[in-house]
Amino acid sequence: MNRRNFLASMAGGAACAALGSCAAPARGVAEDGAEPPLAIVDAHAHFYDPARPQGVPWPDQRDAVLYKTTLPAHYRAQPVPRKVAGVVVVEASPWVEDNRWILDLAAEEPLIVGVVGNLPVGTNVFADLLERFAANPLFRGVRIRDPKPPRGIEDKAALADLALLAERRLALDLVGGSEILAQAKFLAERLPELAIVIDHLAGVRIDGKAPPEDWLAALGALVRHPRVFVKVSGLVEATGRKGRELPVHQAFYRPVLDALWRRFGPDRLLYGSNWPVCGHFAALATVQTLAADYFRARGRDAERKVFAENAKAAYGWVERAA
């Protein structure tokens, strides 16, 4: 399936057919009576190439795991239990023109179904840059990370820029520690139409125990805002354990996943691998399996939403022009 057809079929009731998750005949089973395979949209990955003449500002060249050419072909080469039908690329580079670089890559690469860019929110150049990049239908939002907007997330200039995102039906990703939950609440109250995606579990530590009460309270304050989503990404990173020390039994992650499920249910959680960053801790197959094992137990409908359809709801893909 090419990307154009994939994006088109993600609209409306055809979404599950595009992902092989509910094909005819009725009840989502194949003609031989078996469940069709569930393909995945990975809502968080990074592509870059340190071999470019200009190099890359991230990752650091001292990082032996990450500092190497990392492109869709390398992602496809990762053995995984379930086929990945599409990837949302989250741009980690602060160089503005790297947004163009990844969009140019996406133009030739059907695996990339969306790009979350990196633009300077709260500056006098943001509006023009957004108009430029949002002209490409694959550009589906921006992410705020360090450094934050010059005068903070609550500044009038930052709010005006984020209102432009909402007007264009583009999303805002937030990454950081638990402080981003309060930031999400502030923004959701003032920009209720803005889709806000919390990355990497808002930095919560996963240690097999119940998550901290302050994190739970801040998370719970977002439940009443229907346009706030949480990305189930950064699972293995949140353990701080690597190699043989990494817990691979799903029960270790259940207290945090249960907390997310009880508050956001099947409609506002979306899977992301954070590949290749996750490679510091575990293979892509391990990351996918940990999430898949949890949501499989919640039923086929929930599994389909978390692993595919909620990414479309958050990022609002549209069909590309011919």
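The numbering of the sequence shown is the numbering used here, which starts it at 72 and goes up by one. Beta carbons are placed, not taken as given, at the ideal position from N, Cα and C, and that holds for glycine. It should be emphasised that the depicted structure is a prediction, and the values quoted were computed from it without experimental measurement.
### Message
Starting from A253, trace the alpha helix (DSSP H) in both directions and tell me its first and last residue.
### Response
Element bounds for A253: 250–261.
### Query
Would A206 be called buried (16 or more neighbouring beta carbons within 10 Å of its own) or exposed?
exposed
### Task
Indicate whether K313 and H351 have their beta-carbon atoms separated by less than 8 Å.
yes
#### Entry: Among H145, R333, K302, N170, the one whose alpha carbon lies nearest that of K383
K302
### Query
Which value, in whole angstroms, describes the spacing of the CA atoms of A88 and R375?
Only weak support is given to the placement of A88: the predicted model assigns it a pLDDT of 33, under 50, and the value that follows is read from those uncertain coordinates. Using only the alpha carbons, I get a separation of about 11 Å.
### Message
Just to confirm before moving on: does the CB-CB distance between G157 and L176 stay below 8 Å?
### Response
no
### Task
Measuring alpha carbon to alpha carbon, tell me which of E168, L174, P165 ends up nearest P143.
Considering only E168, L174, P165, the residue with the shortest C-alpha distance to P143 is L174.
### Task
Give the straight-line distance between the Cα atoms of E238 and K256, rounded to the nearest whole angstrom.
19 Å
### Task
Measure the alpha-carbon distance for A122 versus D134 and round it to whole angstroms.
15 Å
### Query
Terminal residues of the continuous alpha helix (DSSP H) containing A362?
355–367
### Task
Provide the residue span of the beta strand (DSSP E) that contains K154, from first to last.
Counted as a single uninterrupted DSSP element, the stretch harbouring K154 is not any beta strand (DSSP E), since DSSP gives it neither H nor E.
### Task
Spell out the partners DSSP gives I269 in its beta bridges.
DSSP lists L245, V301 as partners of I269.
### Query
By Cβ distance below 7 Å, which residues in the same chain neighbour V151 in space, the five residues on each side in sequence not counted?
L355, A356, Q359
### Reduced DSSP secondary structure (H/G/I, E/B, other) of W166
coil
### Query
Can you tell which of A148, Q149, V155, F118 has its C-alpha closest to the C-alpha of Y138?
Nearest option by C-alpha distance: F118.
### Message
Can you tell me which residues form a DSSP beta bridge with W424?
### Response
Within the shown structure, residues of the chain are numbered from 72 to 393, placing residue 424 beyond reach of any answer.
### Query
What does a CB cutoff of less than 7 Å around F197 pick up in its chain, not counting 5 residues either side in sequence?
L190, P191, D232
### Query
Which word fits D195, buried or exposed, when buried means at least 16 other C-beta atoms lie within 10 angstroms of its C-beta?
The sequence shown places Asn at residue 195, not Asp. So N195 counts as exposed.
### Message
For a quick check, are the C-beta atoms of L262 and Q254 less than 8 Å apart?
### Response
no
### Query
Who are the Cβ neighbours of L328 in its own chain at under 6 Å, not counting the five residues just before and after it?
Y365
### Top-ranked residue by Cα proximity to E260, from L241, A362, L293, V275
L293
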